[in-house]
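Asks:
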Amino acid sequence: MNRTPVLSERLKTIADLVIPGKPMADIGTDHGHLPMWCLENGIVPFAVLSDINEGPLEKAKLRISRSVMSEESYSLRLGSGLSVLKPGEVSTVVIAGMGGELTSRLLAAELGVTDSVERFVFQPRSRAGMLREWLWEHGWRIREERLVRERRRLCQIFSAEKGIQIPYEFSDIPECEHPLMIPFLDRELANIRIVIDNLLRSKEAVDQIKLEALQRKAAVLEQRRDRLWKNSSF
Ligand SMILES: C[S@@+](CC[C@H](N)C(=O)[O-])C[C@H]1O[C@@H](n2cnc3c(N)ncnc32)[C@H](O)[C@@H]1O
12 MNRTPVLSER
22 LKTIADLVIP
32 GKPMADIGTD
42 HGHLPMWCLE
52 NGIVPFAVLS
62 DINEGPLEKA
72 KLRISRSVMS
82 EESYSLRLGS
92 GLSVLKPGEV
102 STVVIAGMGG
112 ELTSRLLAAE
122 LGVTDSVERF
132 VFQPRSRAGM
142 LREWLWEHGW
152 RIREERLVRE
162 RRRLCQIFSA
172 EKGIQIPYEF
182 SDIPECEHPL
192 MIPFLDRELA
202 NIRIVIDNLL
212 RSKEAVDQIK
222 LEALQRKAAV
232 LEQRRDRLWK
242 NSSF
């Protein structure tokens with residue numbers, strides 16, 4: 012019998028946000044490491060492992076069938092997004108490693124299931140702001156924000172539950188005091204400054220509204236970064 016490989020820090024952080032003691036689903040599970048780890052460590056009593064592609068699901072099936080888990084504790088499902096779930100079937104749904112735009116589309120496509128979920132845990136690979144905006148517009152609030160470094164990438168991870176929340180000033184920037192916020196903001200500021208420089212050097216008419224919005228965003232993020240530096244002991 013195999014045991015699940017040690018989880019990466021990214022997947023471990025996601026596992027920390029899953030509701031303990033209640034069933035979960037991992038949409039786009041690929042290798043299945045996350046739900047297998049949650050089952051093996053007694054975090055959840057039952058897990059749905061699903062993927063749109065047969066290859067990854069076969070991989071997950073092979074691994075989980077060789078593991079210590081009983082067959083009643085999991086279900087492998089082939090299909091897109093939340094279409095593989097019945098309303099109310101699981102408490103936590105994890106969608107990690109997909110783009111924020113695709114994730115929003117998957118939530119919108121199955122509103123009956125989406126609305127029955129107690130907590131989502133997301134790790135959007137791109138367009139996190141778009142996903143947060145979708146959530147705020149559809150009666151969800153961000154419950155907790157985390158950042159994790161994986162190789163050269165800084166991954167945004169957040170959980171969401173039902174509720175009303177005043178949207179962040181910038182939906183693409185997590186509002187948290189995590190130590191990795193300083194490098195995260197440094198990287199964002201560097202990207203914004205490149206865009207501002209290009210606009211200022213452009214020989215064509217400059218979109219003043221866009222330019223001023225970017226300059227304001229840079230000023231606000233710089234203040235946030237400096238405040239974090241001052242308050243930090245890291
Ligand atoms: C980059 S992998 C992420 C794997 C894992 N969730 C993680 O974070 O390590 C993305 C997975 O999502 C699956 N996927 C892509 N679109 C999907 C959809 N609409 N529904 C379900 N799974 C999907 C892919 O087949 C792939 O296995």
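Oh and the sequence shown: position 77 is 88 in my numbering, straight run, nothing missing.
Using N, Cα and C, we set each Cβ at its ideal position, and we do this for glycine too.
#1: What does the Cβ neighbour count give for Ile220, buried or exposed, with the cut at 16 atoms within 10 Å?
#2: Could you give the DSSP three-state label for Arg35: helix, strand or coil?
#3: For Leu45, which three-state DSSP category applies?
#4: Between Glu100, Gly140, Leu210, Phe133, which has its C-alpha nearest Gly108's C-alpha?
#5: For Pro31, which residues of its own chain have a beta-carbon under 6 Å away from its beta-carbon, when the five flanking residues on both sides are left out?
#6: Could you round the C-beta distance between Val206 and Leu225 to whole angstroms and report it? I think they count as a contact, below 8 Å.
#7: Apart from the five residues just before and just after Pro98, which ones in its own chain have a Cβ nearer than 6 Å to its Cβ?
#8: Are the beta-carbon atoms of Pro67 and Pro34 separated by less than 8 Å?
#9: Let's test the definition: count the other Cβ atoms within 10 Å of the Cβ of Glu292 and tell me whether it reaches 16, buried, or not, exposed.
#10: Which value, in whole angstroms, describes the spacing of the CA atoms of Glu148 and Arg77?
#11: Using a 10 Å radius around the Cβ and a threshold of 16 neighbouring Cβ atoms, would you call Arg160 buried or exposed?
#12: Keeping to the same chain, check which residues put their C-beta closer than 6 Å to that of Lys103; ignore five residues upstream and five downstream.
#13: Sort out for me which residues DSSP pairs Tyr85 with in a bridge.
#14: Which stretch, first to last residue, makes up the beta strand (DSSP E) that contains Thr103?
#15: Could you check if Gln134 belongs to the surroundings of ligand 1, using beta carbon to heavy atom distance under 7 Å?
#16: For Phe112, which of helix, strand or coil comes out of DSSP?
#17: Tell me Leu165's beta-bridge partners as DSSP assigns them.
#18: Comparing the CB of Gly39 with every heavy atom of ligand 1, is any distance shorter than 7 Å?
#19: Could you compute how far the alpha carbon of Glu65 sits from the alpha carbon of Trp145?
#20: If you draw a straight line from the C-alpha of Leu165 to the C-alpha of Tyr85, how long is it?
#21: Take every Cβ of the region 185-196, pair it with every Cβ of the region 170-177, and state whether three or more of those distances are shorter than 8 Å.
#22: Shorter than 7 Å, the distance from the beta carbon of Asp218 to the closest heavy atom of ligand 1, or not?
#23: Using only the heavy atoms of ligand 1, determine whether one of them is closer than 7 Å to the beta carbon of Ser61.
#24: Can you name the start and end residues of the alpha helix (DSSP H) that Arg235 belongs to?
Replies: To lay it out plainly:
#1: Sequence index remark: in the sequence shown, residue 220 carries index 209 (1-based). By the 10 Å Cβ count, Ile220 comes out exposed.
#2: The residue you call residue 35 lines up with position 24 of the sequence shown. Reading off the sequence, residue 35 comes out as Met, not Arg. The three-state secondary structure of Met35, taken from DSSP, is strand.
#3: Locating residue 45 in the sequence shown gives position 34, counting from the first residue. Here Leu45 sits in helix by DSSP.
#4: Along the sequence shown, read from residue 1 onward, the residue named residue 108 stands at position 97. When only C-alpha atoms are compared, the closest one is Phe133.
#5: Residue mapping note: residue 31 aligns to position 20 of the sequence shown, counting from 1. Around Pro31: Ile54.
#6: To locate residue 206, count along the sequence shown from 1; it is residue 195. To locate residue 225, count along the sequence shown from 1; it is residue 214. Confirmed, Cβ separation roughly 6 Å.
#7: For the purposes of this step, residue 98 is identified with residue 87 of the sequence shown, where counting begins at 1. The residues are Gly123, Val124, Ser127.
#8: For the purposes of this step, residue 67 is identified with residue 56 of the sequence shown, where counting begins at 1. For the purposes of this step, residue 34 is identified with residue 23 of the sequence shown, where counting begins at 1. Their beta carbons are not under 8 Å apart, which means Pro67 does not touch Pro34 by this criterion.
#9: Residue 292 lies beyond the range of the chain shown here (12 to 245); nothing can be said about it.
#10: For this step, residue 148 is matched to residue 137 along the sequence shown. For this step, residue 77 is matched to residue 66 along the sequence shown. Between Glu148 and Arg77, the C-alpha separation is close to 43 Å.
#11: Counted from its first residue, the sequence shown places residue 160 at position 149. By the 10 Å Cβ count, Arg160 comes out exposed.
#12: Here residue 103 refers to the residue found at position 92 when the sequence shown is read from its first residue. The residue asked about is misnamed: residue 103 is Thr in this sequence, not Lys. Only Val29, Ile30, Met35, Arg130 meet the Cβ criterion.
#13: In the sequence shown, counting from the first residue as 1, residue 85 sits at position 74. Per DSSP, Ala58.
#14: For the purposes of this step, residue 103 is identified with residue 92 of the sequence shown, where counting begins at 1. It spans 103-107 - the beta strand (DSSP E) in which Thr103 sits, taken as one unbroken run.
#15: Residue mapping note: residue 134 aligns to position 123 of the sequence shown, counting from 1. Within the cutoff, so yes.
#16: Along the sequence shown, read from residue 1 onward, the residue named residue 112 stands at position 101. One point to set straight first is that residue 112 is Glu, not Phe, in the sequence displayed. Here Glu112 sits in helix by DSSP.
#17: Here the question's residue 165 lines up with position 154 in the sequence shown. Arg160, per the DSSP bridge assignment.
#18: For this step, residue 39 is matched to residue 28 along the sequence shown. Correct: Gly39 has its Cβ closer than 7 Å to ligand 1.
#19: Numbered from 1 along the sequence shown, position 54 holds the residue referred to as residue 65. Numbered from 1 along the sequence shown, position 134 holds the residue referred to as residue 145. Taking the straight line joining both Cα atoms gives about 29 Å.
#20: As a position in the sequence shown, residue 165 is number 154, starting the count at 1. As a position in the sequence shown, residue 85 is number 74, starting the count at 1. When rounded, the distance between both Cα atoms is 31 Å.
#21: The answer is no - the region 170-177 does not touch the region 185-196, with fewer than three Cβ pairs under 8 Å.
#22: On the sequence shown, position 207 is the one that residue 218 refers to. Result no, Cβ not under 7 Å from ligand 1.
#23: In the sequence shown, counting from the first residue as 1, residue 61 sits at position 50. True, at least one ligand heavy atom lies under 7 Å from that Cβ.
#24: Numbered from 1 along the sequence shown, position 224 holds the residue referred to as residue 235. It spans 219-242 - the alpha helix (DSSP H) in which Arg235 sits, taken as one unbroken run.
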